[in-house]
Amino acid sequence: MIKAVIFDMDGVIIDSEPIHFKSDQLTLKHLGVEISHEELNKYVGVSNPVMWAELKEKYHLAGSIGQLMETQSDFRNTTFGNEKLEPITGIPGLLAEIKDAGLKLGLASSSGRDFIEMILTKLGILDYFDVIVSGEEVEKSKPNPDIFLKTAGNLGVNPENCLVIEDSQHGVKAAVLAGMKCIGFHNPNSGTHDLSLADTVVHSITDIQLKNYC
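If you read the sequence shown in our numbering, its first letter stands for residue 4, the second for the next number, and so on.
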């Protein structure tokens, strides 16, 4: 019996991965690195500290990981500020359906908390969520299950009673390792991901049948 639904944000609630790719490429260009879309794709669903630790070592980037993340944040906020943001089709209706069913709602995103709250506020859906956990609040990033286990704990729900909606290979694996049910959302703008570990894969949020899990 499902008692809570946990969403990833980027690529599930908002079609943000193309904007992230753009801002990260601008950030790295500013740092003297030209990086391909394909290389950035492997960091979808990975927390910023982990991503920058790897990029710093690979490209011998100057400055601390914290400083690199601050630079990224400046470029990201500018880039997202210039974009018109809307939730992915089906998200508002699904959030309302979950609330009407009396289920708890959590969000587990590898993005930072300030960024998460900014996006959810701009979309007008922040108040739907009972719990938000960012990638900065757990030691290990997806595909480790830490972020989902922490979200479930904060919700007061056992992992086996949680349903996760994810668009990335790392995220799906993390949900499965956490012992949760998982719906893989195939978002073509999130890059190429193997979602085969998910219980179900959908190509539209509107295809999710909540009644099948309650």
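C-beta: ideal position from N, C-alpha, C; glycine also.
Keep in mind it's a predicted model, so treat the numbers as computed, not measured.
Check residue i in the structure and name its three-state DSSP category.
i, result
"PRO90", "strand"
"LEU129", "helix"
"ASP103", "helix"
"LEU110", "strand"
"SER144", "coil"
"SER193", "helix"
"ILE38", "coil"
"LEU198", "coil"
"ASP13", "strand"
"VAL179", "helix"
For residue i, report the span of its alpha helix (DSSP H) as first-last.
i, result
"GLU57", "51–62"
"LEU34", "From DSSP, LEU34 is part of no alpha helix (DSSP H); its letter is neither H nor E."
"GLU139", "Segment: none, GLU139 is in no alpha helix (DSSP H) and carries neither H nor E."
"ALA155", "149–158"
Name the residue from the options whose alpha carbon lies nearest to the alpha carbon of residue i.
i, options, result
"VAL205", "LEU213, LYS214, GLY194 and PHE188", "PHE188"
"ALA201", "ILE208, CYS185, MET12 and LEU180", "CYS185"
"LEU29", "TYR62, THR81, ASN215 and VAL53", "THR81"
"LEU108", "PRO148, ILE9 and ILE5", "ILE9"
"HIS196", "TYR216, GLY156, PRO146 and VAL160", "PRO146"
"SER112", "THR154, ASP11 and GLY66", "ASP11"
"PRO148", "LYS6, VAL49 and GLU41", "VAL49"
"VAL136", "SER114, LYS125, SER76 and ASP130", "SER114"
"LEU110", "GLY194, ASP77 and CYS165", "CYS165"
"THR209", "ILE16, ILE5 and ASN85", "ILE16"
"MET54", "GLU41, LEU180, MET72 and GLU89", "MET72"
In whole angstroms, give me the CA-to-CA distance for residue i and residue j.
i, j, result
"VAL134", "GLY182", "19 Å"
"HIS23", "ASN190", "15 Å"
"ALA104", "VAL141", "29 Å"
"ASN51", "LYS214", "35 Å"
"ILE211", "THR92", "12 Å"
"LEU31", "LEU198", "29 Å"
"ASP117", "LYS45", "23 Å"
"LEU152", "PRO162", "7 Å"
"GLY138", "LYS87", "25 Å"
"SER207", "GLY14", "12 Å"
"GLU120", "CYS217", "28 Å"
Tell me whether residue i counts as near the ligand FAD, meaning its Cβ is closer than 7 Å to at least one heavy atom of that ligand.
i, result
"CYS185", "Within the structure as shown, the ligand FAD is missing, as the structure has no ligands at all."
Along the beta strand (DSSP E) that carries residue i, what are the first and last residues, could you check?
i, result
"ILE186", "184–188"
"THR203", "203–205"
"ILE168", "165–169"
Is the region 164–172 close to the region 30–41, with three or more CB pairs under 8 Å?
-> no
Counting Cβ pairs closer than 8 Å, one from the region 82–98 and one from the region 58–71, do we hit at least three?
-> no
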